[in-house]
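Here the structure comes first, spelled out in structure tokens, and everything after it is commentary.
Protein chains: 4
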Amino acid sequence: MTLKIGVIGTGAIGREHIKRITNNLSGGKIVAVTDVNQESAKSAVEQFSLDAAIYPDDKALVADANVDAVLVTSWGPAHEQSVLAAIEAGKYVFCEKPLATTAEGCMRIVEAEMKHGKRLVQVGFMRRYDSGYVQLKEAIDSNYIGEPLMIRCVHRNPEVGDNYTTDMEINDTLVHEIDVLHWLINDDYKFVQVAFPKKTKRAAAHLQDPQLITLETNSGIIITAEVFVNCKYGYDIQCEVIGEEGVAYLPEFSGIATRKEAKFGTSILMDWKQRFIAAYDKELQDFMDSIKNTGEPNGPTSWDGYIAAVTADACVKSQQTGEKELVVLADKPDFYKN
Amino acid sequence: MTLKIGVIGTGAIGREHIKRITNNLSGGKIVAVTDVNQESAKSAVEQFSLDAAIYPDDKALVADANVDAVLVTSWGPAHEQSVLAAIEAGKYVFCEKPLATTAEGCMRIVEAEMKHGKRLVQVGFMRRYDSGYVQLKEAIDSNYIGEPLMIRCVHRNPEVGDNYTTDMEINDTLVHEIDVLHWLINDDYKFVQVAFPKKTKRAAAHLQDPQLITLETNSGIIITAEVFVNCKYGYDIQCEVIGEEGVAYLPEFSGIATRKEAKFGTSILMDWKQRFIAAYDKELQDFMDSIKNTGEPNGPTSWDGYIAAVTADACVKSQQTGEKELVVLADKPDFYKN
Amino acid sequence: MTLKIGVIGTGAIGREHIKRITNNLSGGKIVAVTDVNQESAKSAVEQFSLDAAIYPDDKALVADANVDAVLVTSWGPAHEQSVLAAIEAGKYVFCEKPLATTAEGCMRIVEAEMKHGKRLVQVGFMRRYDSGYVQLKEAIDSNYIGEPLMIRCVHRNPEVGDNYTTDMEINDTLVHEIDVLHWLINDDYKFVQVAFPKKTKRAAAHLQDPQLITLETNSGIIITAEVFVNCKYGYDIQCEVIGEEGVAYLPEFSGIATRKEAKFGTSILMDWKQRFIAAYDKELQDFMDSIKNTGEPNGPTSWDGYIAAVTADACVKSQQTGEKELVVLADKPDFYKN
Amino acid sequence: MTLKIGVIGTGAIGREHIKRITNNLSGGKIVAVTDVNQESAKSAVEQFSLDAAIYPDDKALVADANVDAVLVTSWGPAHEQSVLAAIEAGKYVFCEKPLATTAEGCMRIVEAEMKHGKRLVQVGFMRRYDSGYVQLKEAIDSNYIGEPLMIRCVHRNPEVGDNYTTDMEINDTLVHEIDVLHWLINDDYKFVQVAFPKKTKRAAAHLQDPQLITLETNSGIIITAEVFVNCKYGYDIQCEVIGEEGVAYLPEFSGIATRKEAKFGTSILMDWKQRFIAAYDKELQDFMDSIKNTGEPNGPTSWDGYIAAVTADACVKSQQTGEKELVVLADKPDFYKN
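Chains as they are written, first to last, in my numbering: chain A, 9 to 346; chain B, 9 to 346; chain C, 9 to 346; chain D, 9 to 346.
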């Protein structure tokens, strides 16, 4: 019953997933790896003492009859080709975000998957597996706070490198909110608008930081999202849903509280990797379990990857125009309705 | 050294202030009252056993040589005339908001006061006296969180009566944020924009509720203010200032915490009157103390009343146009600098 | 209707109260002062521009027919004599703690007051006027948390001077808990026991710090009180009442919260004077109001002062014996039952 | 490299562990089961589709050469015999608490293990694997709060069944604190004392509830532990360590916060199983990983099981005598020092 997995891309995130599957999770086994840098592929096999074939490229890897599923953890621009190859070979795919770097690319994957006839692809939007978001969704779905009317969320990082650019506040950072929020409220985006508040002196000259993004849904819910990647004080993810009967908040990270030096405080993480560490485990375990139990992955779909791409594109356009921009989505195929 | 005070308007808020000055505060005495309803004026004198003259109108009251200062606590449209009469008579004025119902009316008061040659007027924006806002301002002024870049604030009431209209979300509710925020960050508003999120089913048919107001300052700080007057769960005032080095929050109301029925929680007030009760005391005590110690009141000025009126007008215009609207303020006279 | 007040003892606390009554509160006036140091008495009159007679001693002051009430703010050992003199003269008394330095002294005051025939004395246990304790008592009295079973409280100071001794952890520090807790739960103490945990290296050689005091009431409620006067991090008063249906907590001091340097925190006071500043105002205003409205003060009575003295004595005895000690109270006279 | 595991006792907790090892964790496989109720053993094999031998008793199971390690999840009185049998067979043992029901029994296991010559046994005190306790220990070990002086902890359950008896507040409930606290502060207990506060009306007639236990360590740290198993409002584990420089708190369970019905609150668990669910996973994963990586388990040892037994015995004795009781531990063998 073990799911035999091939890994396309053995960089940092690829190795994190190899480690998880090999040492922490149940039901999966790495049987094949590839990387554009073949030395990296070899060293990954050694590092984790894998009993795995090393392939020259993604096409060769997906062709291995021993491979049931692939993890696509290469760099973003290569994702589309690998995912399409895997679908063509009828293999399951766990693809890190982005599914593809363009909306058109995502749509090609959607179409290939529909042509194949059953869902094969899960996109690595791990927040849906975070126990905080899960609790928040339960509160909303159970109508505990009534109909949602507004959402306020915050995505702050202490700092970013110099190669981080203004559009990455959308494509790399906000994209997690873009995915998790429409899932949270079962709604789709209609308009987006980006505003640039006073810039922090800690941002590089070329970087507009912070940014305030407004997303409006079909039903009229207005989401105000702050992205601030040089906030200095910590990695901080907040989400507050304001409903007709009350307000619900994503939990803070659960750190010890202290009283010291005239402050009663709790720790804020500086390192984003700690924040969703349990969610990374859960998304992969669920990917493997769902395939075993139902024959399909259960997480964010290709369609969700497409929504993220279209919405992010509209945000980037608004960064340039300063105007409210339409989010033009194709009609959702029945294939992706559950 | 007792400040002899005449009260113009003996309704609910007028009597609250009479009670404060008579029973809780030091240094003031009610010596005259008037009200368009003379019976109300008489009953206020009886209720508090005042040794006070009852006048037929505001002009007669301000003419009483025994009156040092007047409290204007009549209904809004009558404020301008009473304040102008008091200034003309050279009397100090504590005027409940609004200073006048139009920007032009506020400007007439500004001009009359400047002509008189010293500050006589304090507007009843009590939040500047709230210990939470005072601490927040200290944190900002001491640069504890670095340069402010964004503010997020919330003004929620459990419910409103049927006569509460869409523009009142600005003129009666947001107006407190309009005053306190520009004071907090020592900046002026440049643009405002109002958006209407999905409407709560608890609002009257004619009322747009909640509303999201964006205010942009001269230096580029963006303020996102939520007004939600049928939020049902409580009276809730929040303010969060996001700076270059950190974030500071207005304290929550200080209620007991409890663990009960699977919840660890603190009380939220249902009644707005409790929230700033200490601030009402402090603003009036400060009005009386400043006059005694410096010959001028020390609180929000006529100019602050003018700023509030101009900014609120721009917000109401944006409610109608849906567009970003300019806040066009006259140049600040030296008379009103610090 | 102004209450004419004589002040016995014009040191720091005396002047604080003079300032309050003169500048912040309503209905009282300082008309007489005395101090063992006559220069101090004179300088207090000058400092606050009082229109007040200066007397050579407490007896002369209480004899002044113009004096309605006295504030006893001299040093502790002098309290009993001044309170007795005032009672004999039929004057109201607001006496800072301790009412007397011995249980016998307190009992002499109780007897003098009963002989006089109506309540004249209020002891300066200000915590009963703190809005947090008031809310906590309301939660208990309304049965919100069911029958109280245990209390846990904490009294921490950042540091103390070298002249602060082991018994002062009881007589100067715990004494506030001793008073406020029996009022909170409408019960009396039966046993007390003091334990000495590991000593902090920050305490002076002669000082046992921290201390853990257990108080058991007649109904079996067990109170665990920590006194820790060199805790370094702040002035911190906590109280948690564990009942049959839930738990209620005294609110923390209401300071701004911040996110900065990897901490989400709220300020803790370093200076005890800020913690109960509003309660000091309220206790004196209530003293004056109650006398005006009912002819008797309404706050902590001589009997409460006696309870505090007897309980503190038992705690000090337990510091020496290490054993559980009985709290032997006389039967409560009807005079003090309300 | 898979650790082949036999399970002794296929009741609720046994099946939880079988499920974990089979479906969630990495590196272990259930190869044998036994239960005094053979039907239960069979049904467990079926429930999880195990490829496992079913044995008539613990002796037969440990004798299976295919078994590397055993889980002892039978009822408490049977633990000692199974653990001794496993040690004799040189098998690793993960034993749920208690290690044995008497201190003597624990000592027999200690001696058998020392005779065997390397550590084989891990006791199922899962709290040491809880991320909150781990953070708390890091704060202490890094001297962040200075030398610990006092601890206050709370162990509350909403309710217990009628068969829960007064001594179980120690043996079943407090025992988790007994283990985790001496680990937290690297110290051993010297004295214990149990006090009975006013009893809740919700406890069965035969049950003394709540209880307050005081534990004093060799270095003089005083721990105050409340056990309250009919607290009604939730399952609540608290731990606060008071040090020379500050105070550190075990985090609360991380639930969503809400504002609703005049309360700002976070959820408290009602079900204890949720509280340490991640810790159960981690303790078993660590048991398997340590054996693989170092040849010995890394968690709580037989000696820790012995300490728990001796300390719990002293507490139960104090329940009966009401006196402070000595905790008489044998000298710690070098074998258990790391």
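Glycine residues also receive a C-beta, built at the ideal position from the N, C-alpha and C atoms.
Buried versus exposed, by CB contacts within 10 Å (16 or more), residue i
i: glycine 251(B); result: buried
i: asparagine 238(B); result: buried
i: histidine 87(D); result: buried
i: threonine 302(A); result: exposed
i: threonine 266(C); result: buried
i: methionine 9(D); result: exposed
i: alanine 203(A); result: buried
i: aspartate 66(A); result: buried
Span separating the alpha-carbon of residue i from that of residue j
i: valine 101(B); j: glutamine 328(A); result: 50 Å
i: threonine 232(D); j: cysteine 247(D); result: 10 Å
i: glutamine 55(D); j: glycine 22(D); result: 12 Å
i: glutamine 143(B); j: isoleucine 264(C); result: 7 Å
i: glutamate 47(D); j: leucine 69(D); result: 16 Å
i: arginine 283(B); j: cysteine 161(B); result: 16 Å
i: aspartate 321(C); j: histidine 214(C); result: 20 Å
i: alanine 60(A); j: isoleucine 285(D); result: 33 Å
i: isoleucine 221(B); j: glutamate 234(B); result: 6 Å
i: histidine 184(D); j: phenylalanine 133(D); result: 7 Å
i: glycine 169(D); j: arginine 210(D); result: 11 Å
i: glycine 125(D); j: isoleucine 159(D); result: 36 Å
Per-residue DSSP class, three states only, for residue i
i: isoleucine 21(C); result: helix
i: cysteine 247(C); result: strand
i: tyrosine 257(D); result: strand
i: cysteine 239(A); result: coil
i: phenylalanine 199(B); result: strand
i: glutamine 333(A); result: Reading off the sequence shown, one finds glutamate at residue 333(A), where the question assumed glutamine. Correct three-state label for glutamate 333(A): strand.
i: arginine 267(B); result: strand
i: isoleucine 229(C); result: coil
i: isoleucine 315(A); result: helix
i: isoleucine 13(A); result: strand
i: lysine 325(D); result: helix
i: threonine 222(A); result: strand
i: phenylalanine 204(B); result: coil
i: serine 34(D); result: coil
i: threonine 309(B); result: coil
i: phenylalanine 284(D); result: coil
i: glutamate 121(C); result: helix
Residue i: contacting residues in chain C (beta-carbon distance under 9 Å)
i: threonine 274(A); result: Lys271, Phe272 and Gly273
Under 8 Å from the C-beta of residue i: neighbouring residues of chain C
i: arginine 267(A); result: Tyr241, Gly242, Asp244 and Ile276
Partner residues on chain B for residue i, Cβ-Cβ distance less than 8 Å
i: alanine 77(C); result: Ordered by position in chain B, no residue passes the 8 Å Cβ test against alanine 77(C), which lies about 17 Å from the chain.
Per-residue contacts from residue i into chain B (C-beta, under 9 Å)
i: glutamate 260(D); result: Phe272
Residues that residue i contacts on chain A, provided the C-beta gap is smaller than 7 Å
i: isoleucine 299(B); result: Correct list: empty, because the minimum Cβ distance to chain A is about 36 Å.
Listed by chain order, chain A residues near residue i by CB distance under 9 Å
i: isoleucine 229(B); result: Pro205 and Lys206
Residue i: contacting residues in chain A (beta-carbon distance under 8 Å)
i: glycine 30(D); result: The question names glycine, yet the displayed sequence has threonine at residue 30(D). Those are Ser34, listed as they occur along chain A.
i: valine 255(D); result: Thr266, Arg267 and Lys268
i: alanine 147(D); result: Ile264 and Thr266
Contacts of residue i in chain C (Cβ-Cβ under 7 Å)
i: glutamine 143(B); result: Gly263 and Ile264
Margin query: Report the start-end ranges of each beta strand (DSSP E) in the region 41-117 of chain B that is 3 residues or longer and not cut off at the edges.
Written below: Within the region 41-117 of chain B, the complete beta strand (DSSP E) segments of 3 residues or longer fall at 61-63, 77-80 and 100-103, listed in chain order.
Item checked: Minimum length 4: unbroken alpha helix (DSSP H) runs contained in the region 126-192 of chain B -> Within the region 126-192 of chain B, the runs of alpha helix (DSSP H) that reach at least 4 residues and sit entirely inside it are, in chain order, 139-149.
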